[in-house]
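For reference, the structure discussed in these notes is given below.
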Amino acid sequence: MTRREARAPAAAFALAADPAQCRAGFGALLARADLGPAAAAEVARRYAEPHRAYHDAAHVGLLWLRHLLHGGDAGDRDMALAILFHDAVREPLAPDNAERSAALLAALVPGDTLWAQAAIRATADPLGHGGQDGRVLRLLDLDLTPLAETADVFARNAAAQRRECAAVSDAAWRAARRRALQRLAGARPLFRTRLGAIYEAEARANIGAEIAALSAFSGAA
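If you're matching positions, the sequence shown starts at 4 in this note's numbering and goes up one per residue.
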């Protein structure tokens, strides 16, 4: 871990508590992606869709800001494209959002975007991804960092994700959420890059606390 990264934890968690700063991060990310006007407008439109309560512009802006905060290359356009497009298609409960997001990148951005497309496809199942490309693993770890937020921000994110899946019954949501969290809890390690030194313990604490709360609710029902 670099000296800069060792100083980062407080700033890293403070970012997520400031949605306005995260939305500003989206603007910086969009600028770095260097899209044509029509493509930039289409991506911005998608992240402003009314059904997005969690997977919105602030989410991808936060990931870009954390990429930079933890020593990431500000000039890495491929990483910028991967972060920007990885949730560009987001239909609640759809199994192919990552594949469609990669396809959207290919359709909107000319030139060689194959690495970014592959990285986006990996986000469909971060725990199941078996590749060893360090930059892909960094993207996956960045996307997992919201698991490690402070308790109030973690609860806010969980509520936002619930709103995105409003069509699902409360019982079905709790069961699915518990299964997903238990799978995360079983990953050893959860983070596969040096970001784990900052986020692993906090993420596991949040995951464990919510599993316990869901289990207690289920037992009381």
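Note that the Cβ used here is the ideal one computed from N, Cα and C, for glycine as well.
Practice item. For residue 94, count neighbouring C-beta atoms within 10 Å of its own C-beta (all shown protein chains included) and say buried if the count is 16 or more, exposed if not. Key: As a first step, residue 94 is located in the sequence shown; it is residue number 91 there, counting from the start. It counts as exposed.
Practice item. Look at the Cβ atom of residue 194, then the Cβ atom of residue 147, and state whether they are nearer than 9 Å. Key: Working through the sequence shown from its first residue, we reach residue 194 at position 191. Working through the sequence shown from its first residue, we reach residue 147 at position 144. Yes, these two residues count as a Cβ contact at 9 Å.
Check your understanding: How is residue 168 classed by DSSP in three states: helix, strand or coil?
Key -> In the sequence shown, counting from the first residue as 1, residue 168 sits at position 165. Looking at residue 168 - three-state DSSP - the assignment turns out to be coil, as it is neither helix nor strand.
Point to revise | Nearest-angstrom beta carbon gap, residue 210 and residue 142 [assumed within contact, 8 Å] | key: Translated into positions along the sequence shown, residue 142 becomes position 139. Translated into positions along the sequence shown, residue 210 becomes position 207. Incorrect: roughly 20 Å between the Cβ atoms, too far for contact.
Point to revise | Of the residues 91, 127 and 82, the one placed nearest residue 116, counting alpha carbons only | key: Here residue 116 is taken as the residue at index 113 of the sequence shown, counted from 1. Minimum Cα distance to residue 116 is reached at 82.
**Study point:** Spatial neighbours of residue 12 in its chain, beta-carbon cut-off 7 Å, leaving aside the 5 residues before and after
**Key:** Indexing the sequence shown from 1 puts residue 12 at position 9. So the list reads 201, once near-sequence residues are dropped.
Exercise for review: Specify whether the region 42-51 and the region 179-195 touch according to this definition: at least 3 beta carbon pairs, one from each stretch, less than 8 Å apart.
Suggested key: no
Exercise for review: Go ahead and pull the three-state DSSP assignment for residue 131.
Suggested key: Mapped onto the sequence shown, residue 131 falls at position 128. In the structure shown, residue 131 sits in a helix (DSSP, three-state: H, G or I).
Check your understanding: Leaving out the 5 sequence neighbours to the left and right, which residues in its chain are closer than 7 Å to residue 69 when beta-carbon positions are compared?
Key -> As a first step, residue 69 is located in the sequence shown; it is residue number 66 there, counting from the start. Counting only Cβ-Cβ distances below 7 Å, and skipping sequence neighbours, we find 15, 18, 145 and 148.
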